[in-house]
Structure formats: C-alpha cells, structure tokens
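Inspection log for the structure reproduced underneath, given as structure tokens.
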Amino acid sequence: MGSQITGFGAYLPPQRLTNGRLEQLVDTNNDWIVQRTGIRERRIANGEGTAQLAAKAARRALEDAGKTPADLDLIVAATVTPDRFTPSLACMVQAELGAANAAAFDISAACSGFVYALDIADSFLQAGKFRTALILGAETLSRIVDYSDRSTCILFGDGAGAAIVEASPVNGVPATYLWADGAQGGVLCAQALPLGEDPLGERVPQDIHSRAVHMAGGEVLRFSLSEAPRAMDEALRRAGLTIDDIDWVVPHQANKRIISGIIRRYRLPEEKVYVNIDRFGNTSSATIPICLAEMRERGLLQKGQRLLLVGFGGGLTAASAIIQI
Numbered sequence: 004m005g006s007q008i009t010g011f012g013a014y015l016p017p018q019r020l021t022n023g024r025l026e027q028l029v030d031t032n033n034d035w036i037v038q039r040t041g042i043r044e045r046r047i048a049n050g051e052g053t054a055q056l057a058a059k060a061a062r063r064a065l066e067d068a069g070k071t072p073a074d075l076d077l078i079v080a081a082t083v084t085p086d087r088f089t090p091s092l093a094c095m096v097q098a099e100l101g102a103a104n105a106a107a108f109d110i111s112a113a114c115s116g117f118v119y120a121l122d123i124a125d126s127f128l129q130a131g132k133f134r135t136a137l138i139l140g141a142e143t144l145s146r147i148v149d150y151s152d153r154s155t156c157i158l159f160g161d162g163a164g165a166a167i168v169e170a171s172p173v174n175g176v177p178a179t180y181l182w183a184d185g186a187q188g189g190v191l192c193a194q195a196l197p198l199g200e201d202p203l204g205e206r207v208p209q210d211i212h213s214r215a216v217h218m219a220g221g222e223v224l225r226f227s228l229s230e231a232p233r234a235m236d237e238a239l240r241r242a243g244l245t246i247d248d249i250d251w252v253v254p255h256q257a258n259k260r261i262i263s264g265i266i267r268r269y270r271l272p273e274e275k276v277y278v279n280i281d282r283f284g285n286t287s288s289a290t291i292p293i294c295l296a297e298m299r300e301r302g303l304l305q306k307g308q309r310l311l312l313v314g315f316g317g318g319l320t321a322a323s324a325i326i327q328i
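FYI, in our numbering the residues of the sequence shown are 4 to 328.
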C-alpha cells in the first residue's frame with residue numbers, strides 16, 4: 004500500500020502589496036527588490052486569519068479530489084503563524100470544514116513544512132492507519148514582519164495551499180527526505196512570546212527584541228544553496244532516479260537567486276522549474292502547495308509525471324519529495 008496526491012488547492016488573499024507601495028514604507032526601490040529577490044508583489048491577509056486562508060485552500064483541494072470533509076480521517080497543518088497556540092490550526096480547519104471524522108494536528112517546520120507534512124501523511128497511509136489525509140501549508144507572515152526592516156519586509160507574503168493524499172496501490176510518493184540543523188536556527192527566527200522577566204523574576208536573554216522575523220540573509224542563502232541540492236540528490240537516490248527522470252522541479256519560493264542556483268547546479272531548462280515568487284513572494288510552508296495548485300489549474304500536471312519538491316529554510320530545515328501524478 005502506498006499513497007497518492009489526488010487533489011490540490013490554494014487560496015491567496017486579494018490584497019496586493021507591490022514593490023511600489025513598499026517604496027513608500029521603507030528605504031527601498033522596485034529595481035533593488037527585483038534584482039535581489041525576483042519579487043514584484045506579494046499578498047496580504049486583511050482581516051483574514053491563517054485558519055480562514057487554510058480552510059479556503061482545503062475546500063478547493065477537496066473539490067479537485069472529488070472528496071467531501073466527511074471523507075477525511077487525518078489533517079496535518081504546517082505553519083509558523085497559527086492564529087492560536089491552541090486549538091491548533093488543523094483543529095480550527097477541521098471545525099470550519101465539518102470534518103468530524105478526522106484526527107488533526109500541526110507541525111512547525113517553516114519553509115520545509117509542507118514536505119514534512121506530506122512525509123507524515125504518506126507514512127500514516129502506508130501503515131494503514133488512515134485512508135484520506137488533508138495536508139496544509141498556510142501562513143499569515145505579514146503579522147510577524149517588521150515593515151521598517153527592508154531586509155525582511157520585502158520577502159514575505161500570506162497564502163495557503165492544500166493537498167489531498169489518499170491510500171493507493173500505486174506508490175505516488177516514491178521517496179522523501181527530511182533533515183534539520185537546529186544549531187543554525189538563530190539565523191532565521193521569530194520570537195513566540197515577548198521577552199522580559201520570567202515568572203521567577205530571572206532575566207530572559209534579550210537576544211531577540213520583538214516577535215518580528217529576523218534573518219541573517221547571507222547565512223540563510225549559503226545554507227539554501229548547499230542543502231537544497233543535497234536534499235534533492237538524496238530523494239533522487241532513494242527513488243533510484245536521476246534529474247533527467249523528473250518532469251518538474253517545484254522549489255520553495257524563497258528567493259529567485261536560490262532558484263537560479265538550483266537551475267545552474269542541475270543544468271535544468273528554466274521551463275522545467277516552476278516559479279511564481281514574482282507574484283506571491285515567500286509564503287513559507289505555503290509556497291510549494293500554492294505552486295502545485297497553480298500548476299493543476301493551468302493544466303501543467305499530466306498523469307504519470309514525476310515532480311521533485313524541495314523545501315528549505317527556518318529551523319534550519321531541508322526536505323524533499325518525489326511525487327508521481
């Protein structure tokens with residue numbers, strides 16, 4: 004018994020934050036942003052929480068798969084920006100959908116989160132514990148961005164993506180790979196709670212001064228350019244495939260320079276690598292499922308195709324998966 008992804012869905016809030024608007028908020032300009040990141044605009048959730056975005060993406064994935072909420076017996080949500088610590092995002096989505104038969108929980112693996120969620124769902128389905136899973140990547144990163152910090156505010160946007168994964172005699176997820184380097188976690192971080200006096204009156208270290216995301220861009224770039232290819236190579240090795248056997252590479256949409264590095268590393272034609280960072284920016288755990296949903300909507304996914312997914316970022320984490328449509 005294996006598993007196969009049978010439905011994709013995404014939701015992007017309608018409000019656009021263009022580079023031109025950012026020029027009015029912080030010392031930056033459109034040419035500088037595009038040259039450094041490839042981003043021209045990103046979406047901002049105005050009055051919508053992470054659970055609302057996730058539920059809308061989930062409904063579209065269910066429709067694409069021809070399933071109803073009652074068919075779900077597992078929901079795994081990847082996020083670093085849940086609306087609440089508890090109930091979890093997955094439980095909030097379960098309630099919104101009315102998926103009363105489903106177990107539900109969150110994971111936090113940042114930009115690798117969707118691939119982590121896929122691996123978890125695939126493992127449960129292969130073990131025969133569940134039959135139909137909803138996996139989500141959803142973020143409202145605008146809530147933790149400091150719009151006076153031009154090094155980070157240009158990068159991040161809001162959005163949600165979802166997929167339905169079903170138990171199948173066909174092995175639609177032939178290989179996955181998960182990895183983390185927590186020792187480097189401080190180069191990309193956001194504080195969960197305000198720092199200050201703890202309940203015992205002892206001073207908590209003041210190395211992070213707000214809940215906003217902080218990033219050492221050069222170190223994150225080096226990590227990504229090193230670990231993304233390593234993760235891709237490992238998934239290919241586990242599947243017994245080469246890059247020439249892959250129809251599409253779907254990378255985390257972190258930065259166009261990183262994606263270009265992957266293209267050069269594997270000598271890939273650009274049309275074989277899906278990119279939408281110019282329109283949506285970096286939505287962390289949501290980037291890969293948003294790409295997949297767009298590809299489905301545009302008719303780019305054909306039966307029998309193999310896709311190589313690769314996530315990398317906060318944690319620091321890296322993850323890859325090969326899926327067959």
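Yeah, the Cβ is synthetic: ideal placement off N, Cα and C, and Gly gets one too. From a predicted model like this one, the values you see are computed outputs, not experimental measurements.
Check	Outcome
Mind checking which residues open and close the alpha helix (DSSP H) that includes residue 318?	Unbroken run through residue 318: none, as it is neither H nor E.
Label residue 209 either buried or exposed according to how many other C-beta atoms from any shown protein chain fall within 10 Å of its C-beta, with 16 as the threshold for buried.	The pLDDT assigned to residue 209 is 44, lower than 50, so where the model puts this residue is not dependable, and the model offers no usable value.
In whole angstroms, what separates the C-alpha of residue 62 from that of residue 236?	34 Å
Tell me whether residue 184 is buried or exposed, calling it buried when 16 or more other Cβ atoms sit within 10 Å of its Cβ.	exposed
Count the C-beta pairs between the segment 133-142 and the segment 289-302 that are closer than 8 Å, then say yes if the count reaches three, no if not.	yes
DSSP has residue 14 in a bridge; who is on the other side?	163
Between 149, 117, 32, 171, which lies nearest to residue 129 when the distance is taken from Cα to Cα?	171
Look at the alpha carbon of residue 64 and the alpha carbon of residue 306, and state the distance between them as a whole number of angstroms.	17 Å
For residue 84, does the three-state DSSP call read helix, strand or coil?	coil
In whole angstroms, give me the CA-to-CA distance for residue 229 and residue 6.	30 Å
Would you call the segment 150-167 and the segment 269-285 touching, i.e. three or more CB-CB distances under 8 Å?	yes
Could you tell me whether the segment 261-279 touches the segment 216-233, where touching means 3 or more Cβ pairs closer than 8 Å?	yes
Going residue by residue through the segment 7-59, where are the continuous alpha helix (DSSP H) segments of at least 4 residues, counting only ones entirely within it?	22-28, 33-40
Going by C-alpha distance, which of 53, 115, 116 is nearest residue 87?	53
Extract the residue ranges of the alpha helix (DSSP H) inside the segment 99-165, only unbroken runs of 4 or more that lie entirely within it.	116-129, 153-156
Taking residue 177 as part of the alpha helix (DSSP H), name the residues at either end of that continuous run.	Residue 177 -> no alpha helix (DSSP H), and no H or E assigned at all.
List the endpoints of the continuous alpha helix (DSSP H) containing residue 276.	Segment: none, residue 276 is in no alpha helix (DSSP H) and carries neither H nor E.
Just to confirm before moving on: does the CB-CB distance between residue 223 and residue 319 stay below 9 Å?	yes
Rounded to whole angstroms, what's the CA-CA distance from residue 39 to residue 153? Just pull it up for me.	12 Å
What do you get for residue 199, buried or exposed, if any count of 16 or more other CB atoms within 10 angstroms of its CB means buried?	For residue 199, the predicted model reports a pLDDT of 48, less than 50, meaning its position is unreliable; a value from the coordinates is still stated below. Per the 10 Å Cβ criterion, exposed.
Taking the beta strand (DSSP E) that residue 254 belongs to, which residues open and close that run?	251-254
Look up residue 210 in the DSSP assignment and say whether it is helix, strand or coil.	Confidence in residue 210 is poor, its pLDDT being 42 and thus under 50, which makes the residue's placement unreliable; the coordinate value appears in the next sentence. It is coil, neither helix nor strand.
With DSSP collapsed to three states, give me the class of residue 215.	coil
Using three-state DSSP, classify residue 69 as helix, strand or coil.	coil
For residue 181, which residues in the same chain have their Cβ closer than 7 Å to its Cβ, ignoring the five residues on either side in sequence?	119, 122, 322
Looking only at DSSP bridge pairs, what is residue 265 linked to?	DSSP, once it has assigned bridges, lists no residue as partnering residue 265.
What does a CB cutoff of less than 6 Å around residue 179 pick up in its chain, not counting 5 residues either side in sequence?	122, 324
Leaving aside the five residues before and after residue 169 along the sequence, list all residues of the same chain whose C-beta is less than 7 Å from its C-beta, in chain order.	6, 7, 9, 134, 135
Could you check the C-alpha separation between residue 80 and residue 112 for me, to the nearest Å?	10 Å
When the Cα atoms are used, what is the spatial distance from residue 33 to residue 27?	11 Å
Which residues in the same chain as residue 312 place their Cβ atom closer than 7 Å to its Cβ, once the five residues preceding and following it in sequence are excluded?	118, 253, 291, 323, 324, 326
Please go through the same chain and pick out, in chain order, the residues whose beta-carbon is closer than 7 Å to the beta-carbon of residue 58, but skip the five residues on each side of it.	96, 99, 100
Mind checking residue 82: buried by the 16 CB within 10 Å criterion, or exposed?	buried
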